[in-house]
Amino acid sequence: MCLARGSKVKNITHGVSRHIRSIGFPEGSGMGIFFALGVPIDIPDKSILFSFYFEANYGLPGNWNSSYYTEVEHFKRRSLDRRLAYDIITKKLEKLIYVSLSDSNGYSGKNCLLKTICEIAKYSLKGNGLLGDIVRILFAPSSSQEENLPDEIIKAEFEENCNRRYKDCEKSLLDIVSSVVYNDVG
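If you count by numbering that gives the first Met the number 0, then the sequence shown holds residues 0 to 185, one letter each, in order.
So this is what it looks like as structure tokens:
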């Protein structure tokens, strides 16, 4: 049952104003995202964890109409490119190798990075979810736009025999964090 009653509609917008609502943050406010991946290192009588830390910090606008955060140049200056990521990973691998071996024996983080790039190109990371996708994107230079990387990094992705070519690296990053599982189907 519906009842309707006729009535006059009044124009209530005349003389009424409304301020634009926005979120303003206290001066100097910021927010951040932090992600860490830790891998235990098997050393007798030691408790050592090899970690990769990923952190992103962003300043928040103090007033609602700040154009600073909409400028493209602001984001380009702070962007992380693959070359910088590889430099960071190389340094972390060198520290890991130094810690895990009492004598570094000439192993270099760069060779281990190249071996990791080579191995990731050979093995499928499907079924490893978001982390597998991130690892694939990071360690497969051909998966993104041209970044003017050194030739040895590009060639590592297409190398046929990773162990023979990068024999100076006893264990790659993949060797440390995973193992290959073969499933016999049939």
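Virtual Cβ for every residue (Gly too), placed ideally from N, Cα, C.
- According to the DSSP secondary-structure assignment, residue 38 is paired through a beta bridge with 49.
- Proximity to residue 153 across 126, 37, 119, 42 peaks at 119, based on C-alpha coordinates.
- About 12 Å separates the beta carbon of residue 84 from that of residue 116, a gap too long to meet the 8 Å contact definition.
- Residue pairing by DSSP places residue 31 opposite 56 in a beta bridge.
- Contact check for residue 59 against residue 34 fails: the beta carbons are separated by 8 Å or more.
- Excluding the 5 residues flanking it on each side, residue 51 has same chain C-beta neighbours closer than 6 Å at 36, in chain order.
- For residue 48, the number of other beta carbons within 10 angstroms of its own is below 16, and it is reported as exposed.
- Residue nearest to residue 29 within the set 56, 40, 42 is 56 (criterion: CA-CA distance).
- Put simply, of 128, 130, 132, 82 the residue whose alpha carbon is nearest the alpha carbon of residue 112 is 82.
- Taking the CA atoms as reference points, residue 137 sits about 14 Å from residue 123.
- Taking the C-beta atoms as reference points, residue 165 is found nearer than 8 Å to residue 114.
- About 18 Å separates the Cβ atoms of residue 54 and residue 27, ruling out a contact at the 8 Å cut-off.
- Taking the CA atoms as reference points, residue 133 sits about 25 Å from residue 41.
- It is roughly 19 Å from the alpha-carbon of residue 92 to the alpha-carbon of residue 148.
- Annotation for residue 138: the continuous alpha helix (DSSP H) segment containing it runs 128-138.
- Distances from the CA of residue 139 to each of 126, 125, 130, 157 were compared; the closest alpha carbon is that of 157.
- For residue 146 against residue 80, the beta-carbon gap comes to about 6 Å, under 8 Å, which counts as contact.
- In the DSSP assignment, residue 150 falls within the alpha helix (DSSP H) that extends over 150-156.
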